[in-house]
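Visitor: Here's a structure for you.
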Amino acid sequence: FFSCANTEERDEKRIMEDNTNEPKTAKFNVGGKEFETSYSLIAKQEGSMLARLVSETWLKNLSKPIFIDRSYDIFAFVLEYLRHGCVVLPDTISREMFHRDMDFYGINPGDGTVKASSFALQLAELKDRRDALSLADHCLRKLSTEERYLDTLNKSDTQLTFLKKDPFFSVARLLNERTEMKAVFKETLAEFGMTCKEIKISSSIFIQVALH
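Heads up, the sequence shown is in the numbering used here, so the first residue is 33 and it goes up one at a time.
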């Protein structure tokens, strides 16, 4: 008991001798792997779970790492983000995985500050292109099976509606968010003499299609 108390007293004395109320480093054990970084780097993330952990722990035991049951691979890049304000993720860590853990740590990354590797980006672009082609194919089939399709050939625009239960709802919702995906979708419709004039998103998704 006295040994522990003396250790804490020595730690507090060392801090005061450094003319600061903060320790120099913060230690973490994330998923079984230990990390040590500057205390100030973590403490300045005000309102985050990490800042709260170090503020509650450092006076109790400066030498014992704070255990966090998360992926240590991702945590290494969380620290990189905190150091530089941006990060390029390797192929083994998706942006979705990284953002999930950042949310767990209570850190909100700025727009465009988290980038995937070139290979991961290529895979994401291929997926977007595939999804856009599948959606365009679905729209064309949907139009061709409706009676009003024949009227559309010679008259006005027509509107396609996607409800949440529609298997293509999640894909259609991304069209206004991903420029390249939207371009592929429009180009595919154009090959069949159609123009995507407008995409409206609410609780349902409305895609207005017209002939050239």
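Yeah, the Cβ is synthetic: ideal placement off N, Cα and C, and Gly gets one too. Since this is a predicted model, take the numbers as computed values, not measurements.
Can you name the start and end residues of the alpha helix (DSSP H) that L207 belongs to?
Guide: The residue labelled residue 207 in the question sits at position 175 within the sequence shown. No alpha helix (DSSP H) holds L207; DSSP gives it neither H nor E.
Visitor: Measure the beta-carbon distance from Y137 to S95 and round it to whole angstroms, keeping in mind my assumption that it falls under 8 angstroms.
Guide: Your numbering for residue 137 matches position 105 in the sequence shown. Your numbering for residue 95 matches position 63 in the sequence shown. Not confirmed; about 23 angstroms, so no contact.
Visitor: How big is the Cα-Cα spacing for I239 and T57?
Guide: Mapped onto the sequence shown, residue 239 falls at position 207. Mapped onto the sequence shown, residue 57 falls at position 25. If I take the Cα positions, the gap works out to 55 angstroms.
Visitor: Going by the beta-carbon positions, is the gap between Y113 and V119 smaller than 8 angstroms?
Guide: Numbered from its first residue, the sequence shown carries residue 113 at position 81. Numbered from its first residue, the sequence shown carries residue 119 at position 87. Contact flag set, yes.
Visitor: Would you give the residue range spanned by the alpha helix (DSSP H) that F224 belongs to?
Guide: One-based indexing of the sequence shown puts residue 224 at position 192. Counting along the chain, F224 falls outside any alpha helix (DSSP H), and DSSP gives it neither H nor E.
Visitor: Tell me whether the beta-carbon of T190 lies closer than 8 angstroms to the beta-carbon of V110.
Guide: The residue labelled residue 190 in the question sits at position 158 within the sequence shown. The residue labelled residue 110 in the question sits at position 78 within the sequence shown. In this structure, V110 does not lie closer than 8 angstroms to T190 by Cβ.
Visitor: Have a look at D105 and S202 and give me their C-alpha separation to the nearest angstrom.
Guide: Taking the sequence shown and counting its residues from 1, one reaches residue 105 at position 73. Taking the sequence shown and counting its residues from 1, one reaches residue 202 at position 170. The straight-line gap from Cα to Cα measures roughly 30 angstroms.
Visitor: Enumerate in chain order the residues of its own chain whose CB-to-CB distance from T145 is below 8 angstroms, with the five nearest sequence positions on each side excluded.
Guide: Position 113 of the sequence shown, counted from the start, is the residue given in the question as residue 145. Closer than 8 angstroms at Cβ, skipping near neighbours: Y113, G117, C118, V119.
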